[in-house]
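Asks:
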Amino acid sequence: MSLHPTPYAFDEAELARRRSASRRMAWLIGLAAALIYIGGFFLQR
Numbered sequence: 017m018s019l020h021p022t023p024y025a026f027d028e029a030e031l032a033r034r035r036s037a038s039r040r041m042a043w044l045i046g047l048a049a050a051l052i053y054i055g056g057f058f059l060q061r
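Okay, so the sequence shown: first residue is 17 according to our numbering, each after it adds one.
(1) In chain order, what residues of the same chain lie with their CB nearer than 8 Å to the CB of Ala32, ignoring the 5 residues before and after it?
(2) First and last residue of the alpha helix (DSSP H) that includes Phe26?
(3) Give, in chain order, every unbroken run of the alpha helix (DSSP H) that is at least 4 residues long and sits entirely within the stretch 25-58.
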């Protein structure tokens, strides 16, 4: 028996909110990766 049941069905508003947050997080991770990659060219030893 699980103490914290996981809801498997979300309403449309919750799904839209999660998609929006996920898209924003993906852009931030991509931007950070690009900055680290480009920064590597200027921080050569």
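Even glycine gets a Cβ: it sits at the ideal position worked out from N, Cα and C.
Replies: In short:
(1) none
(2) Premise fails: Phe26 is in no alpha helix (DSSP H) and is neither H nor E.
(3) 28-58
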